[in-house]
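> After the structure tokens below, expect a handful of questions from me.
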Amino acid sequence: MTLTDMAERLNQVFRQKESKSGRKLPPGFFITDQQAAPFPEKIISTLPTGFGVIFRDYDHPARAALGKSLAGLCRQRGLVFLVAGDAMLASGLDADGIHLPEAMMDQVSQIRQDHPDRIITTSCHNPDSVRRAASLPLDAILIAPVFPTQSHPETVSGAQATLGLSGVLNMTSQTTLPLYGLGGITVANADDLMVTGLAGIAAIRGFRA
1 MTLTDMAERL
11 NQVFRQKESK
21 SGRKLPPGFF
31 ITDQQAAPFP
41 EKIISTLPTG
51 FGVIFRDYDH
61 PARAALGKSL
71 AGLCRQRGLV
81 FLVAGDAMLA
91 SGLDADGIHL
101 PEAMMDQVSQ
111 IRQDHPDRII
121 TTSCHNPDSV
131 RRAASLPLDA
141 ILIAPVFPTQ
151 SHPETVSGAQ
161 ATLGLSGVLN
171 MTSQTTLPLY
181 GLGGITVANA
191 DDLMVTGLAG
201 IAAIRGFRA
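Under the UniProt record's numbering, the first residue of the sequence shown is numbered 1, with each subsequent residue one higher.
Set out below in structure tokens:
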């Protein structure tokens with residue numbers, strides 16, 4: 001059993017209604033990160049058809065060129081390709097959608113107006129943020145951090161709390177939008193999420209080839 005298998009199981013349990021974009025949403029998202037996963041092509045090449053890729057790498061010196069390469073690979077493999085934080089780049093790459101960090105959530109309505117058929121997602125880290133996002137024309141929300149994660153060492157040390165199962169349940173109760181869990185999710189603990197109402201899993205390291 002792999003994490004992609006677990007994501008598909010979660011997605012099968014979640015009864016997805018039609019998304020705002022009219023597109024089918026993936027059971028899982030791989031989030032690119034040059035430091036944590038310096039060879040994203042390897043991971044993308046292992047993802048099942050229908051999975052999603054969120055192209056982050058904000059500070060990459062050749063971000064547009066890398067995005068073009070990854071977008072092409074995703075198209076070849078039947079994957080959903082989203083660009084994080086840059087609607088103009090997403091349009092230039094003919095991406096399937098845009099992912100907005102929580103701090104950019106106020107741009108959702110305008111981007112939906114400009115791109116009615118693109119998938120639009122955002123990130124939330126607390127119930128108040130989820131309630132705010134629930135009123136916007138989004139397709140899905142990524143919630144984090146679910147469990148302690150290397151991406152945020154303070155969650156491993158205990159200096160920062162994670163959502164845990166109770167936090168995830170609280171957030172899924174705030175909206176009917178699909179929510180994807182992010183942060184520290186592994187094959188060992190993913191089964192615990194089956195009762196939470198999550199639509200799938202997002203990961204940086206979890207889908208590592």
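Beta carbons are placed, not taken as given, at the ideal position from N, Cα and C, and that holds for glycine.
#1: For residue 146, which three-state DSSP category applies?
#2: Measuring straight from C-alpha to C-alpha, what distance separates residue 14 and residue 161?
#3: Short of 6 Å in beta carbon distance, which residues of its chain neighbour residue 78, apart from the five on each side in sequence? Order them along the chain.
#4: Skipping 5 residues on each side, what residues in its chain have a beta carbon closer than 8 Å to that of residue 159?
#5: Taking only three categories from DSSP, how would you classify residue 159?
#6: Between the segment 60 to 76 and the segment 13 to 31, are three or more C-beta pairs nearer than 8 Å?
#7: Buried or exposed, going by whether 16 or more other CB atoms sit within 10 Å of the CB of residue 203?
#8: List, from N- to C-terminal side, the alpha helix (DSSP H) runs of 4 residues or more that fit wholly inside the segment 84 to 122.
#9: State buried or exposed for residue 195, treating a residue as buried only when at least 16 other CB atoms are found within 10 Å of its CB.
#10: What is the residue span of the beta strand (DSSP E) that residue 28 lies within?
#11: Using 8 Å as the threshold, is the segment 86 to 95 in touch with the segment 129 to 139, meaning 3 or more CB pairs across them?
#12: Let me check one thing: in DSSP terms, what residues is residue 141 bridge-paired to?
#13: Less than 7 Å between the C-beta atoms of residue 54 and residue 73, yes or no?
#14: Near residue 11, what residues of its chain come up, given a Cβ to Cβ distance below 7 Å and the 5 sequence neighbours on each side ignored?
#15: Taking the alpha-carbon positions, what's the residue 146 to residue 192 distance?
#16: Please determine, among 143, 122 and 172, the residue with the shortest C-alpha to C-alpha distance to residue 101.
#17: Where does residue 117 land, buried or exposed, given buried means 16+ other C-beta within 10 angstroms?
#18: Given this structure, state the Cα-to-Cα distance separating residue 106 from residue 44, to the nearest angstrom.
#19: Taking only the alpha-carbon atoms, compute the straight-line gap between residue 87 and residue 67 and give it to the nearest angstrom.
#20: When burial is assigned at 16 or more other CB atoms within 10 Å of the CB, is residue 180 buried or exposed?
#21: Is residue 206 helix, strand or coil by DSSP?
Taking the geometry as given:
#1: coil
#2: 26 Å
#3: 49
#4: Residue confidence is low: residue 159 scores 49 on pLDDT, short of 50, so the model does not pin down where it sits. Its coordinate-derived value is still stated next. Close CB contacts of residue 159 within its chain, under the 8 Å cut and outside five residues either way in sequence, are absent.
#5: Model confidence at residue 159 stands at a pLDDT of 49, short of 50, so the residue's coordinates are unreliable and nothing is read from them.
#6: no
#7: buried
#8: Here the runs fully enclosed are 87 to 92 and 108 to 114.
#9: Within a 10 Å sphere around the beta-carbon of residue 195 sit fewer than 16 other beta-carbons, which makes this residue exposed.
#10: 28 to 31
#11: no
#12: 122 and 179
#13: no
#14: 27, 199 and 200
#15: Residue 146 and residue 192: Cα-Cα distance of roughly 11 Å.
#16: 122
#17: exposed
#18: 30 Å
#19: 13 Å
#20: buried
#21: coil
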